[in-house]
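Protein chains in written order, with the working numbering: chain A, 16 to 608; chain B, 16 to 608.
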């Protein structure tokens, strides 16, 4: 804790030198992603807080740290609350702090590279409302006082071949150019590395779990795109693939390149693009158009190659998971295994395909009451043993060149209680309701989210997370804009991949989640139907624990789906596994009546 | 048609005299309601169009009429398209016409009394974008050229007794004063007659179907409310009830009363309040706060007295409807009855209670292919006979002092086809899904709308209207803000009454709709539940045609609901009807297996 007091002091000394009454330190980096590289763990360096989302505001005498509902306990464990007063990010947001603590004429500094345009706008309005001033800082204030800050990653950038991407980068760039023409824009700044990767058919490894390089790109309506990453990072294949369509520029050149766009019109996505880019454009006399990142929708609508890739990746991943489920059933009660060793066994089984490029997120491997924490974070020193009479929940995924996976299974070790059976079956009913759903075009995730909950609602229960998120193609496992949740206001479109993961959590006791990935498809003509419908193709294949199902609670249609699903699991997975696993799987997939 | 050409000419002469390049003629009156009095049928007088929503823009040489999807055919039948070019109100809205047809410096006139603040804002922005000017006219331009325009209605205003209202007007006014205090407002203009009626516990009869007087009210944080209606209209009871809390002012005094608020702060709802009121306030140097009408939410959340009233009204109404259903079953094939005579028979049966104050909307009485038109408008000269082998749909409701009803039943005359059975049963499944639903607080109508559709979706079908609308208490049968539809973004709250009316329409063949009213209730504690849930109490009691149900398509739970519902119908309705109807009803409510 002393460390953080010293660091805070150093920051305040800097603030005094610069005449700043406060500075803002968000957890986000320059790319607004879920994972940041070690150099960008500025919030953690300053406060000790290790959550994936949060923000501190440091004044000369007091400071606050803002976190969301997931982290209200954790922040008190990891942060000295005498230094940083914890606040709720949504209920008592940073703008309130600004209104209450800043005075007329005071300056509040922020790094415009880690702050998106829309966020800066909100902060600026809050500051101006009390006649204070939001000041963009030329250098990140933490970087100036962090002596041993790690270097920025600059790992290899690979080409993502057409056999996986399905559409050539040149073709994607033409389509984006057409969008720019419609918008009346000459260029667009891609600030999301996932968009850069998608548009240019490249991948990287600058952060864990998501295979992208941390790089911006500037796409023009006419002429080559510019990728802000040193050429030396490109593999020979990537260099060859990009030669005719992309110029590499040192990352530091971006402000100058933006300034060179004087007189042009440049589009940027206010939710993603750094305020620094907007400021550079405005200073250069460039017209700025705020519009959604043009890659978001085409990236979400997977093409035929990506769909085939997803099927192959999920099948392969299901083989590894099935072998793991058998392993758990045989080893869980031996007394020598824990959440940590189990997660490692699964990682190894995934790796045995020799096609695993990495996990798609940190596995949630949770036994007993830990499974009741939806975003349970395993600390290896403190891993809970697997034990009879408990539920074990494993939520994990892999990154493969042909697709990104995400799957959750909940297993009974020993004999379930009646309550566990009831809850599991209700969760399963919700998961089946979406799996079999047909819906008209234009339907959003918010419209269908309740179908995954109605069986729980009937028992006075619910789960406090969305039902599903979009998934990328060898990209981010959490990819917008598709989602199934009360806030999912985008229409689901053919080619989108979404998770279907209802759950139930009994605090201090047990947790349940069942997750398959779904591909949105055209439902095909239905006899007597009067309009085109969409539906879901289930992509994930792994057995659902029969011991936890109370078949009496299932309707005939639900039972039909379950038995049909298990028949398909058997068909897809058996050819990939050895005879012993085949025998185990046959039992695990036996029809229920 | 010659008539409309002459009228259009008279309007254009006026426009030239006033230097106007165009004028706007909406269908709405000064109160933005669903029904308007004859004096306000200005759009119909000018164009011949009889729809319930629409707007004309008349230029010096050309004119357009804007209607929504319901009226694209009808407008061509009723309007001379050589005079008024039909346009789609949403796809090609009035602002487009303004952008394309007005030139720099030209003036477009509008009546700021029939145009709400928000609408005027949109029109003004469209005019200013082409450097034209939107000009508020001191008198409605149609009124100036309509020689035999009917007089404004000024029917009796009654007191709505505490035995039906449940809460005294003085108490409601105090609650509104507290809201004003919070908003920092000194007064609020109520522009919606339903809000005026709710706040002051009065009712009237200036328009068909909705029992309100057309009147504004000005409520103050301190001091008496002002009702803009001549005192002479009040019944002695109403005069007595309002004496201590309300002053009556002549309607024409409103601008002067608003002007007298100089230096004060006045709230108004931009979706409802006339632009004329805002202009008067701004001219007087008054601060205007735009906020939702403070009556909307408390009016929607029915109090205990209103809930009891709704139960009684629905029970009574169900008795009349049941006698009618028996009558149809016995008379439909006699060859002498039509949609029109049937509707009249039902009205008479409702009136026999001696408690009917009027219908709550124009009954939709539709046989055969006419039932496939969701908003079928019966023209008495052209009424279709009831006939064997066809479906008959009756959607109707009554106004009673204790409640407003709205119910739809679909009946088979003769033997249904397999397709009719299948479709009817799918609609029923959707209707049951909502009837049995429990849901957590915060759930909106948009979240649960899909539950009423999923069974149709499965067959590639859907219906193109919302699933349900809010219903008033002896007020409007279509009352916001509660609704069950993709656009229903308000949380459902205890006490709200909403309709549950999924349907299916096969154009040119048949139509199906089943509608009950539901009261949102606290669901009560559920054993093992972990959060408070809401649910629905079904208010409507009338048999659902068993001949149209294919019980094999129902789940055990759905069948249980249906048989339970019919048992309750029998219990509620039998005591109200004669022995023959009791016998008929017993058969109609016999359990299905």
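Note that the Cβ used here is the ideal one computed from N, Cα and C, for glycine as well.
All values derive from a computational prediction rather than experimental measurement.
Whether residue i touches residue j by CB criterion (7 Å)
i: residue 382 of chain A; j: residue 415 of chain A; result: no
i: residue 464 of chain A; j: residue 512 of chain A; result: no
i: residue 132 of chain B; j: residue 285 of chain B; result: yes
i: residue 349 of chain B; j: residue 596 of chain B; result: no
i: residue 497 of chain A; j: residue 418 of chain A; result: no
i: residue 409 of chain B; j: residue 399 of chain B; result: no
i: residue 458 of chain A; j: residue 504 of chain A; result: no
i: residue 66 of chain A; j: residue 32 of chain A; result: no
i: residue 232 of chain B; j: residue 205 of chain B; result: yes
i: residue 227 of chain A; j: residue 244 of chain A; result: no
i: residue 468 of chain A; j: residue 527 of chain A; result: no
i: residue 240 of chain A; j: residue 211 of chain A; result: no
i: residue 553 of chain B; j: residue 450 of chain B; result: yes
Cut-off 6 Å between Cβ atoms - residues of its own chain near residue i, not counting five sequence neighbours on either side
i: residue 568 of chain B; result: 440
i: residue 16 of chain A; result: Per-residue confidence for residue 16 of chain A stands at a pLDDT of 49, beneath the threshold of 50, marking its modelled position as unreliable; no derived number is given.
i: residue 538 of chain B; result: 453, 548, 549, 550
i: residue 150 of chain A; result: 122, 124
i: residue 429 of chain B; result: 403, 404
i: residue 2 of chain A; result: Here chain A comprises residues numbered 16 to 608, so residue 2 of chain A is not present and cannot be evaluated.
i: residue 254 of chain A; result: none
Range covered by the alpha helix (DSSP H) that runs through residue i
i: residue 89 of chain B; result: 87 to 93
i: residue 363 of chain B; result: 354 to 366
i: residue 426 of chain A; result: Residue 426 of chain A -> not in any alpha helix (DSSP H); beta strand (DSSP E) instead, spanning 422 to 428.
i: residue 187 of chain A; result: 184 to 198
i: residue 392 of chain B; result: First-last for residue 392 of chain B: undefined, no H or E at that position.
i: residue 172 of chain A; result: Taken as a continuous stretch (DSSP letters only), residue 172 of chain A belongs to no alpha helix (DSSP H), as it is neither H nor E.
i: residue 441 of chain A; result: 433 to 450
i: residue 159 of chain B; result: 156 to 160
Same chain only: Cβ atoms within 7 Å of residue i, ignoring 5 sequence neighbours per side
i: residue 99 of chain B; result: 62, 71, 78, 79, 80
i: residue 589 of chain A; result: 597, 600
i: residue 272 of chain B; result: 233, 241, 264
For residue i, the first and last residue of its enclosing beta strand (DSSP E)
i: residue 521 of chain B; result: 518 to 521
i: residue 125 of chain B; result: 122 to 125
i: residue 453 of chain A; result: 453 to 455
i: residue 372 of chain B; result: 371 to 374
i: residue 310 of chain A; result: No beta strand (DSSP E) holds residue 310 of chain A; DSSP gives it neither H nor E.
i: residue 410 of chain B; result: 405 to 411
i: residue 526 of chain A; result: 525 to 528
Residues of its chain near residue i, where Cβ-Cβ distance is below 8 Å and the 5 sequence neighbours each way are ignored
i: residue 87 of chain B; result: 101, 103
i: residue 577 of chain A; result: 443, 447, 559, 564, 569, 607
i: residue 509 of chain B; result: 316, 535, 536, 537, 549
Residue i beta carbon near the ligand GTP (any heavy atom closer than 6 Å)
i: residue 308 of chain A; result: Among the components modelled here there is no ligand, and therefore nothing to report on the ligand GTP.
Q.
With three or more C-beta pairs closer than 8 Å as the rule, is the segment 513 to 522 of chain B touching the segment 429 to 448 of chain B?
A. yes
Q | Interface residues of the segment 531 to 561 of chain A facing chain B [CB-CB below 7 Å] | A | 541, 543, 544, 545, 546, 548
**Q.** Touch test, the segment 331 to 348 of chain A against the segment 360 to 373 of chain A, Cβ-Cβ under 8 Å, three pairs minimum
**A.** yes
Q.
By the 9 Å beta-carbon criterion, what residues does the segment 449 to 461 of chain B contribute toward chain A?
A. 451, 452, 453, 454, 455, 457, 458, 459, 461
**Q.** Cβ pair count under 8 Å reaching 3, the segment 382 to 396 of chain B against the segment 484 to 496 of chain B
**A.** no
Q. Counting pairs of Cβ atoms below 8 Å between the segment 460 to 480 of chain A and the segment 539 to 546 of chain B, do you hit three or more?
A. yes
Q: Kindly confirm or deny that the segment 218 to 238 of chain B and the segment 165 to 174 of chain B touch, where touching means at least three C-beta pairs closer than 8 Å.
A: yes
(Q) If contact is defined by three or more beta carbon pairs under 8 Å, each pair taking one atom from either stretch, is the segment 195 to 214 of chain B in contact with the segment 271 to 291 of chain B? (A) yes
Q. In the segment 471 to 484 of chain B, which residues sit with their C-beta less than 7 Å from some C-beta in chain A, listed in chain order?
A. 472, 473, 474, 475, 476, 477
Q | Interface positions of the segment 485 to 502 of chain B facing chain A (Cβ-Cβ less than 9 Å), listed along the chain | A | 501
**Q.** Segment contact flag, the segment 35 to 44 of chain A with the segment 146 to 165 of chain A, C-beta cutoff 8 Å, min 3 pairs
**A.** yes
Q | Three or more C-beta pairs below 8 Å linking the segment 367 to 378 of chain A and the segment 306 to 325 of chain A | A | no
Q: Compile a chain-ordered list of the residues in the segment 88 to 104 of chain B whose CB is closer than 8 Å to at least one CB of chain A.
A: none
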